[in-house]
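Heads up: the structure comes next, in structure tokens.
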């Protein structure tokens, strides 16, 4: 039985693949939907050691990295430090926070089998590594965003608690910051991870398309994406409610100020008529 191992990390919100490719001497212009695949001499020059021909690293624009057949932790650490030179925002101390391990087994006598730890195929196809890596990369990126969504919900819960306790003063800056977090959350989910987009190979090969769809379904990527979309819509509705309340409070405050000024002006006029004021 032949085995390929995969280890995926979500380490950033986005990465500039073209900047990395230029440094590696790769002239190709990369678009958002395709990964940068590093192997052979290019990978050897990065790790400063010999690499097996089966070893690859796939870097995705939405901040995920997948290592294929890299069993040594020092190789992974070395490559992540290399990426850190291009994306200083990568937290090298917490790169294992969003990660997943998987493996591909090839056994001519076995039937197709898909589990949460490995997939078994009877015949190896060249598209398997990229498709598995793509699904894993999207899965760990979603895990990262799902946690960020939870933090936004916690923030809104605190704001709701304040409203319930009668503290209705929510500043414009606070509303703007929270809205920006929701917008960033939605942008990272829809624009960068591109759950609904498929690798090019799936359009030219029916076998690749079927395999990718089964992997997507097993990892529940579409369902998780739909849930995140629904949660985002709820967040926007809550923020709209906060904004309405805040504006109403400010409008009421202004109205009271106007009323008070009118009363003061009337009192001054009465005092002048009464001769109490010059």
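In the numbering used here, the protein residues as written are 27 to 304. Glycine residues also receive a C-beta, built at the ideal position from the N, C-alpha and C atoms.
Quiz prompt | Integer Cβ distance of residue 61 from residue 86, believed to fall under 8 Å | solution = The count along the chain shown starts at 1 and reaches residue 61 at position 35. The count along the chain shown starts at 1 and reaches residue 86 at position 60. Between residue 86 and residue 61 the Cβ distance is about 5 Å, and since that is below 8 Å, they are a contact.
Exercise. Would you kindly work out how many angstroms separate the C-alpha atoms of residue 292 and residue 284, rounded to a whole number?
Key: Along the chain shown, read from residue 1 onward, the residue named residue 292 stands at position 266. Along the chain shown, read from residue 1 onward, the residue named residue 284 stands at position 258. Their Cα atoms are separated by approximately 12 Å.
Practice problem: Inspect the beta-carbon positions of residue 38 and residue 126 and report whether they are closer than 9 Å. | Solution: Along the chain shown, read from residue 1 onward, the residue named residue 38 stands at position 12. Along the chain shown, read from residue 1 onward, the residue named residue 126 stands at position 100. Going by C-beta atoms, residue 38 is not nearer than 9 Å to residue 126.
Quiz item: In the DSSP assignment, what are the bridge partners of residue 94?
Solution: Stepping through the chain shown from its first residue, residue 94 is reached at position 68. Residue pairing for residue 94: DSSP places it in a beta bridge opposite 32 and 82.
Quiz item: Can you tell me the Cα-Cα spacing of residue 89 and residue 42, whole angstroms?
Solution: Counting from one through the chain shown, the residue named residue 89 turns up at place 63. Counting from one through the chain shown, the residue named residue 42 turns up at place 16. Answer to the nearest angstrom: the Cα atoms are 9 Å apart.
Exercise. Name the two residues that bound the continuous alpha helix (DSSP H) containing residue 45.
Key: The sequence position of residue 45 within the chain shown is 19, counting from 1. Looking at the DSSP string, the run of the alpha helix (DSSP H) that includes residue 45 is 43-49.
Quiz prompt | Of the residues 132, 147, 294 and 130, the one placed nearest residue 138, counting alpha carbons only | solution = Residue numbering aside, residue 138 sits at position 112 when the chain shown is read from its first letter. The shortest Cα separation from residue 138 among 132, 147, 294 and 130 belongs to 147.
Quiz item: Helix, strand or coil: how does DSSP classify residue 142 here?
Solution: Numbered from 1 along the chain shown, position 116 holds the residue referred to as residue 142. Residue 142: coil per DSSP, three-state reduction.
Quiz item: How is residue 110 classed by DSSP in three states: helix, strand or coil?
Solution: If you number the chain shown from 1, residue 110 lands on position 84. Three-state result, residue 110: helix.
Practice problem: Whole angstroms is fine: what's the gap from residue 237's alpha carbon to residue 123's? | Solution: Locating residue 237 in the chain shown gives position 211, counting from the first residue. Locating residue 123 in the chain shown gives position 97, counting from the first residue. Between residue 237 and residue 123, the C-alpha separation is close to 28 Å.
Quiz item: Is residue 285 helix, strand or coil when you go by DSSP?
Solution: On the chain shown, position 259 is the one that residue 285 refers to. In the structure shown, residue 285 sits in a helix (DSSP, three-state: H, G or I).
Quiz item: Per DSSP, residue 63 is paired with what?
Solution: One-based indexing of the chain shown puts residue 63 at position 37. Answer by DSSP bridge pairing, in chain order: 84.
Quiz item: What are the partner residues of residue 129, as DSSP defines its beta bridges?
Solution: In the chain shown, counting from the first residue as 1, residue 129 sits at position 103. Beta-bridge analysis with DSSP links residue 129 to 31 and 144.
Quiz item: Nearest-angstrom Cα distance between residue 49 and residue 135?
Solution: In the chain shown, counting from the first residue as 1, residue 49 sits at position 23. In the chain shown, counting from the first residue as 1, residue 135 sits at position 109. C-alpha of residue 49 to C-alpha of residue 135: approximately 44 Å in a straight line.
Quiz prompt | Length at least 4, wholly inside the region 215-247: the alpha helix (DSSP H) runs in chain order | solution = 227-230 and 232-244
Quiz item: Of all the options 295, 289, 28 and 166, which has the alpha carbon lying nearest to the alpha carbon of residue 150?
Solution: Taking the first residue of the chain shown as 1, we reach residue 150 at position 124. Selected option, being the one with the closest Cα: 28.
Quiz item: Which of helix, strand or coil does DSSP assign to residue 136?
Solution: The count along the chain shown starts at 1 and reaches residue 136 at position 110. Coil.
Quiz item: Helix, strand or coil: how does DSSP classify residue 176 here?
Solution: Residue mapping note: residue 176 aligns to position 150 of the chain shown, counting from 1. Residue state, collapsed to three classes: helix.
Quiz item: What is the DSSP secondary structure of residue 123, reduced to helix, strand or coil?
Solution: Position 97 of the chain shown holds residue 123. It is coil, neither helix nor strand.
Quiz item: Which same chain residues, not among the five before or five after residue 114, have their C-beta less than 7 Å away from its C-beta?
Solution: In the chain shown, the residue the question calls residue 114 occupies position 88. Around residue 114: no qualifying Cβ.
Practice problem: Could you tell me whether the Cβ atoms of residue 160 and residue 84 are closer together than 9 Å? | Solution: Within the chain shown, the letter at position 134 stands for residue 160. Within the chain shown, the letter at position 58 stands for residue 84. The answer is yes: Cβ separation under 9 Å.
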